[in-house]
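> Residue numbers (our numbering): 6 to 336.
Here a beta-carbon is modelled for each residue, glycine too, at the ideal position from N, C-alpha and C.
Before anything else, here's the structure in question.
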C-alpha cells in the first residue's frame with residue numbers, strides 16, 4: 006500500500022492503524038483496526054460541523070446506530086489540517102454498496118430505513134427557535150431563479166435552440182411552481198405542527214448504503230428542521246424519475262413508509278404538491294444560469310427534452326395518485 010504523504014500526516018493524528026485504503030467519490034476510504042473510516046475535506050463551517058456531530062450523537066443515543074459519526078483526533082478536535090492548512094474530517098464508515106434506485110428491493114429497504122431514521126430523529130429536540138417550513142422558502146427562491154433565467158432569455162438578441170425550447174415550455178413549469186408555493190403558503194402552519202423535526206436533508210440513493218446485515222445512512226451535511234416528509238419526497242422523486250413514473254411502484258413505497266409512520270390525508274396532499282414541483286426544470290435553469298451561455302452543452306439540451314417528455318408521465322402519475330388516495334385538492 007502506497008500512502009499519500011499529504012494525507013498520511015492527517016490520519017496519523019488519529020488513534021488507528023490502517024490496513025488498506027482506496028479512493029471514493031471525493032473521499033478516501035480506510036480499513037483500520039477500529040473498523041472502516043472515511044477521510045474527506047471539510048465541506049461546511051466549523052459551527053455547522055459541531056451541530057451535525059451533536060445531532061449524530063443524540064441520534065445514536067436514540068437507538069439509530071448505522072450513521073457516519075465523526076471521530077475526534079488525539080487532541081479532541083473534529084478538524085485536522087494538513088501542512089497546507091486544508092481541513093479534513095474523519096468519520097465512521099460502512100462496508101456496503103449504494104442503494105440501487107432501479108431495484109425495488111433496495112428502494113423498499115431504503116424507505117423502511119428512512120421511516121426508522123425519522124422515528125429516531127423525533128426523539129431529538131430541535132435546537133432552533135424559529136419555526137418555518139424551509140421547503141417553502143426553497144421553492145420560493147427557485148421560482149425567482151427560474152423567472153430570472155426567463156427574463157434573461159427575453160433580452161437575448163440571438164437565441165439558441167435550447168433558448169427557444171426553454172421559453173416554449175417555461176410558462177407550463179413556472180405555473181406548477183407557483184401552484185405549489187401557493188398551497189404551501191396556505192398550509193405551512195399545520196404542516197409545521199404535525200411533522201416538524203430534524204430531517205436528513207439529502208436522502209437519496211448515494212447516501213444510503215446497503216450492507217450485509219443492515220442499512221447505513223451517511224452524509225448528513227444538509228440536515229435541517231422541517232416537515233420530515235420532505236426526506237420521503239426527495240427519495241420518491243428520484244425513484245420516479247429513474248423508473249418512468251410507475252404509479253404502482255410509488256404506492257408500494259409510500260405504503261412501506263406508512264406501515265411504520267402513519268400518514269394522514271394532509272400528508273398525502275403535501276406529498277402530492279411536493280411531487281408536483283418542477284424540480285428537474287429548476288435544476289436545468291440553475292445549471293444554465295451558472296454556465297457559459299455562449300455554448301450550451303448538448304447534454305443540457307437533451308436533459309430539457311427529457312424533462313418535457315417526462316412531464317406528461319408525471320401528470321398521469323399524479324392524477325392516478327389523487328384518485329388512489331381520494332384526495333380533495335383545492336383548485
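(1) Is it buried or exposed, residue 283, if we count other Cβ atoms within 10 angstroms and call 16 or more buried?
(2) To which residues of the same chain is residue 329 closer than 8 Å at the C-beta, ignoring the five residues directly before and after it?
(3) Using the beta-carbon count (16 or more within 10 Å), is residue 194 buried or exposed?
(4) In whole angstroms, what is the alpha-carbon distance linking residue 300 and residue 166?
(5) Relative to the alpha-carbon of residue 67, which residue among 201, 145, 209 and 121 has its alpha-carbon at the smallest distance?
(6) DSSP three-state call for residue 229: helix, strand or coil?
(7) Excluding the five sequence neighbours on either side, which residues of its own chain have a C-beta within less than 7 Å of the C-beta of residue 182, listed in chain order?
(8) Which class does residue 7 belong to by DSSP, given the choice of helix, strand or coil?
(9) Please look up how many angstroms separate the CB atoms of residue 246 and residue 285, rounded, as I've assumed it's under 8 Å.
(10) Evaluate residue 123 with the Cβ neighbour count: other Cβ atoms within 10 Å of its Cβ, from every protein chain shown; 16 or more gives buried, anything less gives exposed.
(11) Between the alpha carbons of residue 13 and residue 309, how many angstroms are there, rounded?
(12) Within 10 angstroms of the Cβ of residue 169, are there 16 or more other Cβ atoms? Answer buried if so, exposed if not.
(13) Helix, strand or coil: which one does DSSP assign to residue 325?
(14) Within this structure, are the beta carbons of residue 138 and residue 189 separated by less than 8 Å?
(15) Specify the secondary structure class of residue 300 as computed by DSSP and reduced to three states.
(16) Among 38, 235 and 298, which residue has its Cα nearest to the Cα of residue 163?
(17) Excluding five sequence neighbours on each side, which residues of the same chain lie with their C-beta closer than 8 Å to the C-beta of residue 200?
(18) Regarding residue 81 and the ligand MN, is the C-beta to nearest heavy atom distance less than 7 Å?
(19) Can you give me the Cβ contacts of residue 8 inside the same chain, cut-off strictly under 6 Å, excluding the 5 residues immediately before and after it?
(20) Residue 202 by DSSP, collapsed to three states: which one?
(21) Flag this pair as touching only if the stretch 77 to 96 and the stretch 259 to 272 have three or more C-beta atom pairs under 8 Å; answer yes or no.
(22) To the nearest angstrom, report how far apart residue 36 and residue 265 are at their CA atoms.
(23) Quick one: give me the first and last residue of the beta strand (DSSP E) that residue 43 is part of.
(24) Mapping DSSP to helix, strand and coil, what is residue 18?
Looking at the coordinates:
(1) Here the question's residue 283 lines up with position 278 in the chain shown. Buried is the label assigned to residue 283, since at least 16 other Cβ atoms lie within 10 Å of its Cβ.
(2) Here residue 329 is taken as the residue at index 324 of the chain shown, counted from 1. Only 252 and 256 meet the Cβ criterion.
(3) Your numbering for residue 194 matches position 189 in the chain shown. Residue 194 comes out exposed.
(4) One-based indexing of the chain shown puts residue 300 at position 295. One-based indexing of the chain shown puts residue 166 at position 161. Rounded to whole angstroms, residue 300 to residue 166 spans 11 Å at the Cα level.
(5) Translated into the one-based positions of the chain shown, residue 67 becomes position 62. When only C-alpha atoms are compared, the closest one is 121.
(6) Taking the chain shown and counting its residues from 1, the one referred to as residue 229 is at position 224. Note: residue 229 maps to strand in three-state DSSP.
(7) As a working mapping, residue 182 is identified with position 177 in the chain shown. Correct list, in chain order: 144, 147, 148, 151, 282 and 283.
(8) As a working note, residue 7 is residue 2 in the chain shown. Note that residue 7 has pLDDT 45, beneath the 50 cutoff, so the model's placement of it is unreliable and the number below is only indicative. In the structure shown, residue 7 sits in coil (DSSP, three-state: anything other than H, G, I, E or B).
(9) The residue labelled residue 246 in the question sits at position 241 within the chain shown. The residue labelled residue 285 in the question sits at position 280 within the chain shown. Contact holds; Cβ gap of about 7 Å.
(10) Residue mapping note: residue 123 aligns to position 118 of the chain shown, counting from 1. Taking a 10 Å sphere around the C-beta of residue 123, we find 16 or more other C-beta atoms and assign the residue as buried.
(11) Sequence index remark: in the chain shown, residue 13 carries index 8 (1-based). Sequence index remark: in the chain shown, residue 309 carries index 304 (1-based). In this structure, the CA atom of residue 13 is about 44 Å from the CA atom of residue 309.
(12) Taking the chain shown and counting its residues from 1, one reaches residue 169 at position 164. Counting Cβ neighbours within 10 Å, residue 169 comes out exposed, since fewer than 16 surround it.
(13) If you number the chain shown from 1, residue 325 lands on position 320. Here residue 325 carries a helix assignment [DSSP, helix/strand/coil].
(14) Position 133 of the chain shown, counted from the start, is the residue given in the question as residue 138. Position 184 of the chain shown, counted from the start, is the residue given in the question as residue 189. Taking a C-beta distance under 8 Å as the contact criterion, residue 138 and residue 189 qualify as a contact pair.
(15) As a first step, residue 300 must be located in the chain shown, where it is residue number 295. Assignment of residue 300 by DSSP, reduced to helix, strand and coil, places it in the coil class.
(16) Within the chain shown, numbered from 1, the residue matching residue 163 stands at position 158. Per the Cα distances, 298.
(17) Here residue 200 refers to the residue found at position 195 of the chain shown. The beta carbon of residue 200 sits closer than 8 Å to those of 232, 233, 234 and 272, all from its chain and outside the five residues before and after it, given in chain order.
(18) In the structure shown, the ligand MN is absent, as is every other ligand, since no ligand is present at all.
(19) As a working note, residue 8 is residue 3 in the chain shown. The pLDDT assigned to residue 8 is 46, lower than 50, so where the model puts this residue is not dependable; a value taken from the coordinates is nonetheless given after this. Only residues of its own chain outside the window of five on either side were considered, and among them none has a CB closer than 6 Å to the CB of residue 8.
(20) For this step, residue 202 is matched to residue 197 along the chain shown. Strand at residue 202.
(21) No, they do not touch.
(22) As a first step, residue 36 must be located in the chain shown, where it is residue number 31. As a first step, residue 265 must be located in the chain shown, where it is residue number 260. Approximately 35 Å between the Cα atoms of the pair.
(23) Counting from 1 along the chain shown, the entry for residue 43 is found at position 38. Where residue 43 is concerned, the enclosing beta strand (DSSP E) stretches over 40 to 46.
(24) Mapped onto the chain shown, residue 18 falls at position 13. Of the three classes helix, strand and coil, the one that applies to residue 18 here is coil, per DSSP.
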